[in-house]
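Reviewing the structure listed below.
Protein chains in written order, with the numbering used here: chain A, 1 to 418; chain B, 419 to 836.
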């Protein structure tokens, strides 16, 4: 299987008008006027060609609860709406169908890879394999019974078996301890020991009150709890980081942790704005995440990237903060090492963005266009791991109407209007 | 000319599934199962039917400069990029073509009306009449020579002649003194005297430094300058209001001024976030504005409304602040008195939003969907003043490709890439 993308304006490593030749799942060649024969030819004239984005923090099955209860205080939302609904409606079938919907929504805005934390993650893996999307799946670990694990030990052993069953070119398995407020220090230590060689994905410093609660309970900050458990020594991804102090940021730097910026969810749940500009100035790798569709309420990565840049300018009173090219780099930073760049030898995770929208008229700088003007409607074609998933805005081998129908039918039972 | 919109889920005044019967430019009847014969029938089953939004602050012709120079400090942007480009490229033809592009972009996201401030506003009026969009046009008045007026007196008399020529059902003419930092107190007084019976549209408290400069120059704050000139006694719309103190807000309340929230531009230019939640709690009418496409960089009102709600929650640490229904009310607040509501006797300014997108799956609350999830791709049909302008995502009687082509050709001379 080979694909030739002709005459697109490429962004990133090698900027300019090039052809890209894809063989199997890899970018084989980037050059002008490539003559190789290909099974598929994509005319990308007057289009941008970009690496797909990586949505590094979501709970994709929660699309069932999208907009179920908005404009409520976090605790009211969780205790009176989300937790009771999860107890009643989260099961294998729900996770399979609802995460599938989210994957389609993500691909629609040029997202080729996502990092997920929820329950029944084997269903997320199955859906991702079926659709052809790259996923980092992690069974959410908490100190209570979850819909599919009785306790922490069971969730740990489930993570190992997920790895045995699914780890591949397109699926990675992460350890996903939920947070320092839903796990004891003993449990966190257990997870730290078990997670050698794994990616670790967790929530930290999401709100001021989380930090205050932690100080009360442990006499230390969440980052110190993670450090003392041994988790900062892992390849760890820290989602949110809103209430991070300079000490926290120093610790992120010292341990070379990864930070996932989740701006819209943090705004919507009134948590605040993470000090991302400061974190980046400390040389810490920053990724973008949408959070789950219950707290966003969409998975449009272009929207997320836009807001992530705009709010940093405002809170730093600096128009130059997190500029358009930096925003692009944050969006294409990938949890998969060989993804996120248009580079020979890298995975063929590529999106074509057509430039015929009003918002694309005119374009002086393609990074500015993507960061500040583009709409996911402009995403035309998405290739993941060498396979064309979306072509001219249509999914090639997925019945998207059926997926929507199934989710809507399920949501009607929870009282959805549409 | 009559239109019947069948079986849509109506939002606002009368919520639920209704038919809407439109005769000439008015909503004649809202009821279940309307039997009237109509020239056009729109099937709105499984769609939302909403009043069109009003973009109350823009400089629509500036689409030519969209993304011309981003991520720069405000003064660098203005002095080294925008002002020199304006001096060279702003003329009648440019304003006509580039404002037309902006109108199409606005209609695409269900905007039926806009309030504009720029130069050669007669061209904006002509374009609006041609497209069928409602516009409040205002020749920008400053103390210097502009591309079409030699001085303040000329701009004042031009405003009167615009009113004589264009004022109608769909075009209003406003007095548009630019700001307290581009006009002397004498000029502002002259404009206050001349503007009896007019809408007045101005920028105020956009940045901290504007206020500091004003304090230095006048020993009073911009709002006090406007008050002392007599402008607050007019039907005045104050754009931005970021650096507003409690005293300023009291003055807005006392004089019943209107406030236009312009959140994305304020973020992007690092001006900050207007205290909109506090302003609304004081009973002051708030409208939404995108600002011009050179400082946004798109005119998508759904994006603007989303950000306007989200940032208020975050800066107030209150998840309930500016909730979804309030956001809808801000978006539909119209400068035209008989627009912005689905109500018998009101102007037929109506949009149909289809609910078949991923982001619309599922919907528990249609206001939440619009505020937190919807994409302008979901806007299917837009009716302005009783005429169908957009139908099933297509403009009926406008050659949008030609408009884009013309703007692109013009932008190439400024160095545009696409």
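From the three backbone atoms N, C-alpha and C, an ideal C-beta is built for every residue, glycine too.
These figures come from a predicted structure and were not determined experimentally.
Item                                                                                                                           : Value
Through-space distance from residue 393 (chain A) to residue 48 (chain A), alpha-carbon basis                                  : 15 Å
Contact under 9 Å by Cβ, residue 135 (chain A) with residue 116 (chain A)                                                      : yes
Any C-beta of chain A under 9 Å from that of residue 735 (chain B)                                                             : yes
Other residues of its chain near residue 750 (chain B): CB distance less than 8 Å, five sequence neighbours each side excluded : 430, 468, 469, 470, 471, 472, 758 and 759
Any C-beta of chain A under 9 Å from that of residue 781 (chain B)                                                             : yes
For residue 159 (chain A), three-class secondary structure by DSSP                                                             : helix
Contacts of residue 725 (chain B) in chain A (Cβ-Cβ under 8 Å)                                                                 : 307 and 310
Distance, residue 577 (chain B) Cα to residue 556 (chain B) Cα                                                                 : 7 Å
Between the CA atoms of residue 82 (chain A) and residue 708 (chain B) - distance to the nearest angstrom                      : 34 Å
Short CB-CB distance (under 9 Å) between residue 418 (chain A) and chain B                                                     : yes
Beta strand (DSSP E) segments (min. 3 residues) lying fully within the stretch 522 to 579 of chain B                           : 529 to 536 and 552 to 559
Extent of the continuous alpha helix (DSSP H) run through residue 749 (chain B)                                                : 742 to 750
Integer-rounded CB distance, given that residue 359 (chain A) should sit under 8 Å from residue 375 (chain A)                  : 6 Å
C-alpha gap between residue 307 (chain A) and residue 691 (chain B), whole angstroms                                           : 13 Å
DSSP three-state assignment for residue 295 (chain A), whether helix, strand or coil                                           : helix
Residues of the stretch 402 to 417 of chain A with Cβ closer than 7 Å to any Cβ of chain E, in chain order                     : Considering every chain present, this structure includes no chain E. Its protein chains are A and B.
Spatial distance of residue 482 (chain B) from residue 506 (chain B) (CA atoms)                                                : 12 Å
Outcome for residue 166 (chain A) when other beta-carbon atoms lying within 10 angstroms are tallied against a minimum of 16   : buried
Chain A within 9 Å of residue 672 (chain B), Cβ atoms only                                                                     : no
Nearest neighbour of residue 516 (chain B), chosen from B:664, B:542, B:689 and B:442 [CA to CA]                               : B:542
With 16 other Cβ atoms within 10 Å as the buried cut-off, status of residue 502 (chain B)                                      : exposed
C-beta neighbour in chain B for residue 195 (chain A), strict 9 Å                                                              : no
Residue 682 (chain B) to residue 767 (chain B) span [Cα, whole Å]                                                              : 25 Å
Cβ-based contacts, 9 Å cut-off: residues of the stretch 5 to 21 of chain A near chain B                                        : 9
Contact list for the stretch 742 to 756 of chain B against chain A, Cβ threshold 7 Å                                           : 742
Under 8 Å by beta carbon: chain A residues contacting residue 793 (chain B)                                                    : 298, 300, 375, 376 and 377
Beta-carbon proximity list for residue 588 (chain B), same chain, < 8 Å, skipping 5 on both sides                              : 546, 547, 550, 551, 552, 553, 802 and 803
Start and end residues, beta strand (DSSP E) containing residue 808 (chain B)                                                  : 805 to 809
Strand pairing of residue 630 (chain B), partner residues [DSSP]                                                               : According to DSSP, which records beta bridges pairwise, residue 630 (chain B) is partnered with nothing at all.
The stretch 269 to 298 of chain A: positions lying closer than 9 Å to chain B by Cβ                                            : 269, 270, 271, 272, 273, 293, 296, 297 and 298
Nearest-angstrom Cα separation, counted from residue 733 (chain B) out to residue 28 (chain A)                                 : 48 Å
Span of the beta strand (DSSP E) around residue 222 (chain A)                                                                  : Run containing residue 222 (chain A): none in the beta strand (DSSP E); it sits in the alpha helix (DSSP H), 222 to 229.
Neighbour-count burial assignment, residue 598 (chain B), 16 or more Cβ in a 10 Å radius                                       : buried
Supposed close pair residue 205 (chain A), residue 222 (chain A) - CB separation, criterion 8 Å                                : 6 Å
Cutoff 9 Å: residue 631 (chain B) Cβ touching any chain A Cβ                                                                   : no
Positions along the stretch 463 to 495 of chain B whose CB lies within less than 9 Å of some CB in chain A                     : 464, 466, 481, 482, 483, 484, 485, 486, 487, 488, 489, 490, 491, 492, 494 and 495
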